[in-house]
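S.K.:
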Amino acid sequence: MAPIADIIFLLDTSSDTDKRFPRMANTEDRARTILVVEDYDDIRELMRHHLGKRGYEVITASNGEDAVILAERVRPDLILMDISLPERSGISATYKILKSPSLSGTPVVAVTGFTNADLHQDALDAGCRAVYLKPLTPEGLEEILALYMPSE
4 MAPIADIIFL LDTSSDTDKR FPRMANTEDR ARTILVVEDY DDIRELMRHH LGKRGYEVIT
64 ASNGEDAVIL AERVRPDLIL MDISLPERSG ISATYKILKS PSLSGTPVVA VTGFTNADLH
124 QDALDAGCRA VYLKPLTPEG LEEILALYMP SE
């Protein structure tokens, strides 16, 4: 199983939650961060690889509940959110994440294999900026970065 997050943290705590999802240290000097939320390991790793090659810090979650926790702790610059996830759907996770004052302006882009227009609308209603269909190509990722990654 792939790790929930693969970033370096500076935090000494005994809390189980903090061990699984440490807070990011020195966020002002960190690389721009993308949270990839995808339950399929292969897709998640392909996205991590492509984005990592571009110089982004890539944090991953394999379910909606972990996505909410990681978003609060890491405060990513962009979230790529699968819609169909275990434990909490991507739509529910997006609502929860964007309700947080510290994350309310974070761009969330839904990435899904579902073509149902009502489901896409639900994702947009939850606060997703756009919905992209899988399989997401490297060109599709580049388009998302160009449109939704905050300027430096």
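Residue numbers (our numbering): 4 to 155. From the three backbone atoms N, C-alpha and C, an ideal C-beta is built for every residue, glycine too.
Is it right to say E142 is buried, meaning 16 or more other beta carbons lie within 10 angstroms of its own, or is it exposed?
M.R.: With fewer than 16 Cβ atoms within 10 Å of its Cβ, E142 is classed as exposed.
S.K.: Just to confirm, are L83 and V114 a CB contact at a threshold of 7 angstroms?
M.R.: Their beta carbons are under 7 angstroms apart, which means L83 touches V114 by this criterion.
S.K.: Which class does Y135 belong to by DSSP, given the choice of helix, strand or coil?
M.R.: Three-state result, Y135: strand.
S.K.: Cβ atoms of G67 and V61: under 7 angstroms apart, would you say?
M.R.: Not a contact, by the Cβ cut-off of 7 angstroms.
S.K.: Take P79 and list the residues in its own chain whose beta-carbon comes closer than 7 angstroms to its own, dropping the five residues that flank it on each side.
M.R.: Result list for P79: T36, I37, L38, I62 and T109, in chain order.
S.K.: So the candidates are D42, I94 and L106; which of them puts its Cα closest to the Cα of A64?
M.R.: Taking only the C-alpha atoms, the option nearest A64 is D42.
S.K.: Give the secondary structure of E75 by DSSP, where H, G and I count as helix, E and B as strand, and everything else as coil.
M.R.: Here E75 sits in helix by DSSP.
S.K.: Can you name, in chain order, every residue of its own chain whose Cβ lies under 7 angstroms from the Cβ of S92, other than the five neighbours on each side?
M.R.: Correct list, in chain order: G67 and I86.
S.K.: Quickly, what does DSSP pair M84 with across the bridge? List them, please.
M.R.: Answer is V40 and A113, bridged to M84.
S.K.: Using a 10 Å radius around the Cβ and a threshold of 16 neighbouring Cβ atoms, would you call D128 buried or exposed?
M.R.: D128 comes out exposed.
S.K.: At what residues does the beta strand (DSSP E) containing T140 begin and finish?
M.R.: Note, T140: premise wrong, no beta strand (DSSP E); not H, not E.
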